[in-house]
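Residue numbers 1 to 1249, in the UniProt record's numbering, belong to the letters of the sequence shown in order. Here a beta-carbon is modelled for each residue, glycine too, at the ideal position from N, C-alpha and C. Have a look at the structure below, then the notes.
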Amino acid sequence: MENTTQISREELEELREAFNKIDIDNSGYVCDYELQDLFKEARLPLPGYKVREIVEKIIVAADHNKDGRIDFEEFLSICQELKSKEISKSFRKAINKKEGITAIGGTSEISSEGTQHSYSGTVCMCVGVEECVLMPLLTYCKILQENLVLALNSASAIGCTVVNIGAQDLRAGRPHLVLGLLWQIIKVGLFAHIEISRNEALITLLEEGEDLEDLMKLSPEELLLRWVNYHLTNAGWQKIGNFSNDIEDSKAYFHLLNQIAPKGIHDDELKIDIDMSGFNEKNDLQRAEFMLQQAAKMDCRQFVTPADVVAGNPKLNIAFVANLFNTYPALNKPNHGYDLAMLEGESREERTFRNWMNSLGVNPYVHHLYSDLTDASVIFQLYEQIRVPVNWNRVNKRPYPTLGGNMKKLENCNYAVDLGKNEAKFSLVGIGGQNLNEGHSTLTLALVWQIMRRYTLTVLSDLGGGEKVNDEIIINWVNATLVAAKKKTSIKSFKSTDSSSPDKYLALKDVREVKEETNLNEKLFLLACEKGDYYMVKKLLEEKRHSELNINCMDVLGRNAVTISIMNENLDILQLLLEHGCQTTDALLVAIDSEVVGAVDILFNHRPRRSSKPSIAKLIERIQNPEYSTTMDVAPVILAAHRNNYEILTMLLKQDISLPRPHAVGCECTLCNAKNKKDSLRHSRFRLDIYRCLASPSLIMLTEEDPILRAFELSADLKELSLVEVEFRNDYEELAKQCTMFAKDLLAQARNSRELEVILNHTCSDEPVDKRGLLEERMNLSRLKLAIKYNQKEMAGYRRKHSCKKILTVLSVGFLWPVLSICYLLAPKSRVGHVIHTPFMKFIIHSASYFTFLLLLNLYSLVYNEDKKNTMGPALEMIDYLLIVWIVGMVWSDVKRLWYEGLEDFLEESRNQLSFVMNSLYLATFALKVVAHNKFPDNADRKDWDAFHPTLVAEGLFAFANVLSYLRLFFMYTTSSVLGPLQISMGQMLQDFGKFLGLFLLVLISFTIGLTQLYDKGHATHVEKDCVGIFCQRQNNDTFHSFIVTCYALFWYVFSLAHIALFVTRFSYTEELQSFVGALIIGTYNVVVVIVLTKLLVAMLHKSFRQIVNHEDKEWKFSRAKLWLSYFDDKCTLPPPFNILPSLKTVCYIVTSLSKWICSHTTTGKVKRQNSLKEWRTLKQKRDENYQKVMCCLVHRYLTSTRQKMQSTDQPTVENLNELRQDLSKFRNEMRDLLGFRTSKYAMFYPRN
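Structure, rendered in structure tokens:
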């Protein structure tokens, strides 16, 4: 027992117990292939490569009798050696570890895994627990992640669909994803033997007219259904068509169990009697319980409960039936008549291809590799996975017709072969569509193999940042990895015979499994990079051959030396590392994320030229480090734009890096469809990242000639996206606001009126205009109009200040507006005409004209003739004609505005909508008056008139139009700084009231229908003549006798203007219940509407007002800018009714247009037109140059002001502290090197006590 001195008695008993569990036959020894299981049982789990090393080396020395078997004493010696190595390793760690405990994780109330580890590490350190015990806690998360990824890969390998399922989903325990994956795994296990090649007895299920090939095409579900019906037919019971509704009563199960139960005919068969007494049970649930009790006798009650059977759960019923089939198939193998050579099962290669297809989520599920590809629908889906565009309009889709169905499948196969040859560039010599349609095994495999190979290379290319990957690159990497690990094996090609040996792949697997730990020199190297010790790093790099230093080593956080240098801004060390060939991996992304401009510049200058044979070291590095902090699927330009770093973006754009362009939300291209199928959430997040990049002010200034226009367009696109992508609505709205504020801040850099004028008057219109038009473009404010079109409220509020006129001038113009209008008609180019043409004067004149119209409306009411009260069709008077002329003028003004602005822009203005409705009502009023005058010239008492008499309808429309006419004055309040904000607040609150009205109408209609159905029974008595419901002075039983009357009653009841005598509706004592229900409904209505909804309306309006107050000034300025801009053009200079008269300016325009049209057809006219176009291009070019100069100045000022704001704080920033720390560290290291203070290379890192 000398070799057991270091093993305690308890450990010895545990090892002996583990040995006995593996030694099942009690022979006293185990074989070498049982060694790994023995280690696991003894709580000494070792990776596969370690076990193989033990088999090759240690066991040879421990197997003293050389019999190839290991007894307990030999196993004990192996355990002793392993434990001694582990203790020495722990002792070395304890000696080298002098840094104390570093806390990992946050400081939130919920303890993170890192924080828990810090606490546990501190406690274990105090009680003297060795670090080797703590290592499982450190690597728990990583092991868990690896196990989950391995589980998903294994599920994919057996044919489970793992699309949109990730390791994080399994770790989070999302029920629908976990249960879906478990069902697929169970299904694969249950259906494994439901295949003719594995169960020849299934041939018994052949029906008349079928052959083996037809039966082999059936899926496992169809075979199970046919098996059940086979036994039901033998039992004399009706067949079933599904595993849900047809078996809810469990009667089919009773007959099935009775048929498949062992009858005890054979000697080795135990008879099982099925009790059919439960068959006649009336309750379905009880009958199902009795059935399952009989199944329990056969040990087949798994998967279902009585409730599942009654509910008709198809998945659980299929699992139950599959379990019955696997246990008691009750089928006899046929003896003759069939060619059993056709029943050869699928090979491992075929199974691999089939499982790979199913793992990608193809539809339909591939059960048989060749027969399920005969219509090429699965091949088309595989083409989309490898990004081969498929024109689905050419594809014939299922179901296929009975006649000609095979021809449609053949067309699909021919198209699939054409795509493979022309688009995918596959080698398909001798392969045609007919071969796929016939299920030719060799030729079908040739196509599928090339698709799978292209898919694998595409995945590797995506992981490697777009680098193309081929066989040569993979082979070079494999050989380089084996050489670095000091392995003697290598491969030449995947086609050579030596590559088929498993030893080479096992050796590569062993290399990837080795968990290298940093040695002392590597720790010193990484720490020197962090501290900024240039001379120590240089010395270590020069001695790396002798000190076994891996310059690409990583710390526990997965950071290499380059990353650490960038994060600590040690640029001189970064330059030194790059000169010695350190791997950069994601160094550029780290530098951009940390906004270290100098590091980005160094990385760009040191970047090697792209060779014709790209390396996949970066790809392998990414696969090895899935926990790296940087997001791998983000491009450098996107990350720089997210950080809004102008300097880094400038360097990136100089490298000809293309900018990403997002696809539309409903894009149907192949790429978008593939990304949506793979992971729709990731696709939406990627689109958000791209728009966050495009909305960066720095990127807009660097890439756009017109930053303000681009900001407007991008803001409008982002607002539309916020309505479509509701999951990211807040993010898109924030980006839209960012673009708007950028345009406003950029315009705020204008220092004089000239610059502001150039910006606001700039237009992107390419339509040719004459020279005069360009010269008069000084005050067109095109950019301000564009801001209003895109609803840029911050921008529109930024306006030029106009001088205010004196009150006397306003009053004089208001009274003299008819005279001024006549002067403009006669002499539009005179001094008076120019004064009227100014925006402010146009506003006063139009306002005075509208006030005159309102005065006419008041006079119309005052001069109403009482003698014509009973006239059915009164004639039009003088004031009527004046109103008609005014209304025609207002209509003509709206028509002109509609013509120039377009229908969409015209209807966007609420003022235009109100004007349209008002004018329509006036026109309808006077039209009805004319009709009434022509058709009803007689007099009659109004009581005898028809309810819809034209005169009565005209009076109603006229009254409503008058209300709208006075409400239109609200839009004039916008010019007032006192009433304008109140008018804006009122408009916003009306929108909330509209939302409330939708809820109120729903409640009103609901209660109206209920009360009408309850009381509309024809019981009304003692009804007064000519009055109904609440319109009667004395309440009767007809308050709710019709829908309209009930609606009236409930509506006015809210305002306490309708008294409802509830208990008057009691018709008799026999209808007491009806009266009680009616009172209950009215009481409920009172609570819901009068108490709840009215208080809700008050709360909504209060909340809305509080929100509006914060930005009502901005909203008011925006509305005021829209109002003033409507008077800047010269389209509607004269107010109604003078605008319907043709002015001298209009006549001149018509004559000029005709003369130009006539001259354009002559030689002289064509020459003049060409000269005019040249002059227009020259002026436009000069205007654009001025705009670009001003814009460059604004951009420069914007950048300067932004930097000044960042540097204006008096408190030290993190950047200042980092710079100070770096300077002090460099100074200290230089002084130590000059004075020779460093006697040992470990002195400064491990100081003496």
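Between S821 and F1138, the C-beta gap is smaller than 8 Å, which places the two residues in contact.
Cβ contact annotation for L1097 (same chain, cutoff 6 Å, sequence separation greater than five): F996, in chain order.
When secondary structure is reduced to three states using DSSP, I564 falls in the helix class.
The three-state reading of DSSP puts D71 in strand, counting E and B together. In the three-state DSSP reduction, V30 falls in the strand class (E or B). K333 carries a coil assignment under DSSP once its states are collapsed to helix, strand and coil. Assignment of K297 by DSSP, reduced to helix, strand and coil, places it in the helix class.
Counting only the Cα atoms, A664 lies some 11 Å from V724. Ranking L709, G987 and K1182 by CA distance to the CA of L1101 puts G987 first.
Rounded to the nearest angstrom, the gap between the Cα atoms of G956 and S861 is 14 Å.
DSSP places Q259 in the uninterrupted alpha helix (DSSP H) bounded by K251 to I260.
Between P306 and L324, the CB-CB gap reaches or exceeds 8 Å.
Linking N479 to G159 through their CA atoms gives a straight-line distance of about 31 Å. A172 counts as exposed, since fewer than 16 other C-beta atoms from the protein chains shown sit within 10 angstroms of its C-beta. Q145 places its beta carbon less than 8 Å from that of A167. One thing to note: L1014 has its Cβ within 8 Å of the Cβ of Q1074. Contact fails between the stretch 292-311 and the stretch 206-223, because fewer than three Cβ pairs, one in each stretch, are under 8 Å apart. Fully contained in the stretch 369-439 are the following alpha helix (DSSP H) runs of length 4 or more, in chain order: 377-385, 405-422 and 433-438. With 16 or more neighbouring CB atoms inside 10 Å of its own CB, T925 falls in the buried class. Bounds of any alpha helix (DSSP H) do not take in A664, whose DSSP letter is neither H nor E.
Note that the C-beta distance between I247 and V309 is below 8 Å. A591 is not a Cβ neighbour of L577, given a cutoff of 8 Å.
Rounded to whole angstroms, the separation of the alpha carbons of L921 and G814 is 27 Å. Secondary structure remark: continuous alpha helix (DSSP H) runs of at least 4 residues inside the stretch 832-913, in chain order: 839-862, 878-901 and 903-908. Counting the other CB atoms within 10 Å of its CB gives P1136 a total of 16 or more, which places it among the buried residues.
Taking a cut-off of 8 Å on C-beta distances, the stretch 751-762 does not touch the stretch 725-742, as fewer than three cross pairs fall below it.
For a cut-off of 8 Å, the C-beta gap from S698 to L649 is around 5 Å, short enough to register as a contact. I240 carries a coil assignment under DSSP once its states are collapsed to helix, strand and coil. Boundaries of the alpha helix (DSSP H) harbouring W817: W817 to L826, taken from the DSSP string. Residue environment for L540: buried (at least 16 other C-beta atoms within 10 angstroms of its C-beta). In the structure shown, D1223 falls within a helical segment according to DSSP collapsed to helix, strand and coil. Sequence-distant Cβ neighbours of E411 in its own chain, meaning closer than 7 Å and more than five residues away, are N396.
In the assembly as shown, K409 is a buried residue. Its beta-carbon has 16 or more other beta-carbons within 10 Å. About 47 Å separates the beta carbon of M276 from that of W356, a gap too long to meet the 8 Å contact definition.
With 16 or more neighbouring CB atoms inside 10 Å of its own CB, T584 falls in the buried class.
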